[in-house]
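Comments concern the structure below.
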Amino acid sequence: MTHPRIDIPEGFRAFPTAVSRASTTLFPNVAALREAETQSDPLWSYGLNSTPTQMELAQRLAQMEGGAHCLLLPSGLSAISLTLFACLKAGDEILAPDNAYGPLRTHANWLARDYGLQVRYYDPMLGAGVGALISPQTKLIWIETPGSVTMELPDVPAIAAAARGILTAMDHTWTGGLLIRPFELGVDISIQALTKYQSGASDVLMGSVVTRDAALHTRLLKIRKLLGLGVSSDDCYFILRSLPTLAARLRAHEERALALAQWLRERPEVYRVLHPAFPECPGHVNWLRDYSGASSLFSAVFHQRFGQSRIDAFIDDLRLFGIGYSWGGAHSLALPYDIPAMRSAASWPPADWPAREDAGILVRFYCGLEDAPDLIEDVRQSMARHLV
Ligand SMILES: *Cc1c(COP(=O)(O)O)cnc(C)c1O
Numbered sequence: 035m036t037h038p039r040i041d042i043p044e045g046f047r048a049f050p051t052a053v054s055r056a057s058t059t060l061f062p063n064v065a066a067l068r069e070a071e072t073q074s075d076p077l078w079s080y081g082l083n084s085t086p087t088q089m090e091l092a093q094r095l096a097q098m099e100g101g102a103h104c105l106l107l108p109s110g111l112s113a114i115s116l117t118l119f120a121c122l123k124a125g126d127e128i129l130a131p132d133n134a135y136g137p138l139r140t141h142a143n144w145l146a147r148d149y150g151l152q153v154r155y156y157d158p159m160l161g162a163g164v165g166a167l168i169s170p171q172t173k174l175i176w177i178e179t180p181g182s183v184t185m186e187l188p189d190v191p192a193i194a195a196a197a198r199g200i201l202t203a204m205d206h207t208w209t210g211g212l213l214i215r216p217f218e219l220g221v222d223i224s225i226q227a228l229t230k231y232q233s234g235a236s237d238v239l240m241g242s243v244v245t246r247d248a249a250l251h252t253r254l255l256k257i258r259k260l261l262g263l264g265v266s267s268d269d270c271y272f273i274l275r276s277l278p279t280l281a282a283r284l285r286a287h288e289e290r291a292l293a294l295a296q297w298l299r300e301r302p303e304v305y306r307v308l309h310p311a312f313p314e315c316p317g318h319v320n321w322l323r324d325y326s327g328a329s330s331l332f333s334a335v336f337h338q339r340f341g342q343s344r345i346d347a348f349i350d351d352l353r354l355f356g357i358g359y360s361w362g363g364a365h366s367l368a369l370p371y372d373i374p375a376m377r378s379a380a381s382w383p384p385a386d387w388p389a390r391e392d393a394g395i396l397v398r399f400y401c402g403l404e405d406a407p408d409l410i411e412d413v414r415q416s417m418a419r420h421l422v
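Quick note: to get the working numbering, add 34 to the position in the sequence shown (first position is 1).
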């Protein structure tokens, strides 16, 4: 009973990837175990490091993004964290955009406070100007596109060129890994929260770090092992199951978000819609140049006359939009943000916006897969009740 047949049945074929659950992975003999101990990355050594299911997902993601190597992490945030630990040590400096994903800021600030790292935030629209901020201590330049919540599109190739050999890491979770080619733009490390579109079902947490350079991959892998980070094959299976529909889902999301964003853009309650496909989105020209499409997360800045309590009531009374973090699934979401409290390097609202004192509270919308007319009607009904 405790010693079943453990080889894979011959002749069985199906589309889904088999789930290989394992903590222990077996070596054929002691000599093979000794041989594995001499290698930095043996193919099968322990379930934490690799299983065929994990390997299949990692290879597909690397291929999808035009990279060569991929490491899977238990969340998008742990993919960020691994990258910081692998690229920086005490005394080193990271340059990060002012609109970076909030937990990245918190993480980098924690390392600065307790572990001797230095962090400098830059205006996300600085482009090649980032080069002038580089000091002898700078070891990593962080890029996020579009920027979290405020959606600015940085000039990625200009920043990558200005890095002059300093490592660049780019979080482009918004693209689902499909709408931009990170390595062709000159980036070294590509970060995705697979939790979002790759999962697509609001039920799995995972992150990926994709690279082209073998030595860089080895460095990241070493730190991943030191930190004991790994993912379950079951979770990999869920992502593998969603990948074949990713491109089709993204197109459906894009269509819905564009419909809602266009509608909001015409409304008198809205000061400005921040959607990469609109010319008024900072860095829109970079979107035109670097992207093959849009996904479905965007923001709308309401007029100043609607204060926090009315915006909160507007969000509370949306029926199709849930209130909660994360996104990428079938269900729409909405959240209010206090942007000035999240910034330290770039002013908000941007200095070149007309009548910027009219710019009020920002609401981030995520469009799921509900029908666009239903989403628009939902926003209309709650606006009619609360934003008058
Ligand atoms: C959600 C998100 C992450 C973190 O992903 P988790 O899996 O929730 O940890 C990182 N970066 C960006 C841009 C995100 O939107």
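A virtual CB, placed ideally from N, CA and C, is assigned to each residue, including glycine.
What three-state label does DSSP hand residue i in the structure shown?
{"i": "residue 271", "result": "helix"}
{"i": "residue 366", "result": "strand"}
{"i": "residue 226", "result": "strand"}
{"i": "residue 333", "result": "strand"}
{"i": "residue 187", "result": "coil"}
{"i": "residue 390", "result": "helix"}
{"i": "residue 348", "result": "helix"}
{"i": "residue 218", "result": "coil"}
{"i": "residue 407", "result": "helix"}
{"i": "residue 382", "result": "coil"}
{"i": "residue 64", "result": "helix"}
{"i": "residue 252", "result": "helix"}
{"i": "residue 240", "result": "coil"}
{"i": "residue 193", "result": "helix"}
{"i": "residue 153", "result": "strand"}
{"i": "residue 163", "result": "helix"}
{"i": "residue 148", "result": "helix"}
Please find out if some non-hydrogen atom of ligand 1 comes closer than 7 Å to the beta-carbon of residue i.
{"i": "residue 184", "result": "no"}
{"i": "residue 205", "result": "yes"}
{"i": "residue 111", "result": "yes"}
{"i": "residue 156", "result": "no"}
{"i": "residue 360", "result": "yes"}
{"i": "residue 178", "result": "yes"}
{"i": "residue 371", "result": "no"}
{"i": "residue 239", "result": "yes"}
{"i": "residue 227", "result": "yes"}
{"i": "residue 325", "result": "no"}
{"i": "residue 395", "result": "no"}
{"i": "residue 424", "result": "Nothing can be reported for residue 424, as the shown portion of the chain is limited to 35 through 422."}
{"i": "residue 128", "result": "no"}
{"i": "residue 10", "result": "Any answer about residue 10 is impossible in this case: the structure gives the chain only from 35 up to 422."}
{"i": "residue 135", "result": "yes"}
{"i": "residue 259", "result": "no"}
CB-CB under 6 Å to residue i, same chain, minus the five flanking residues each way: which ones, in chain order?
{"i": "residue 196", "result": "162, 164, 165"}
{"i": "residue 270", "result": "87, 88, 91"}
{"i": "residue 299", "result": "307"}
{"i": "residue 98", "result": "211"}
{"i": "residue 382", "result": "373, 374"}
Counting only beta-carbon separations shorter than 8 Å, does residue i have a partner in chain B?
{"i": "residue 304", "result": "Protein chain content of the structure displayed is limited to a single chain, and chain B is not contained in it."}
Which residues in the same chain as residue i place their Cβ atom closer than 8 Å to its Cβ, once the five residues preceding and following it in sequence are excluded?
{"i": "residue 66", "result": "none"}
{"i": "residue 145", "result": "118, 122, 151, 153"}
{"i": "residue 395", "result": "335, 336, 340, 341, 342, 345, 370, 371, 372"}
Residues in its own chain within less than 7 Å of residue i by CB, not counting five upstream and five downstream?
{"i": "residue 400", "result": "330, 331, 361, 366, 367"}
{"i": "residue 384", "result": "316"}
Secondary structure, beta strand (DSSP E): runs of 3+ residues fully inside the stretch 293-318: 304-308
Please go through the stretch 83-118 and give each complete alpha helix (DSSP H) segment of 4 or more residues, from N-terminal end onward. 86-98
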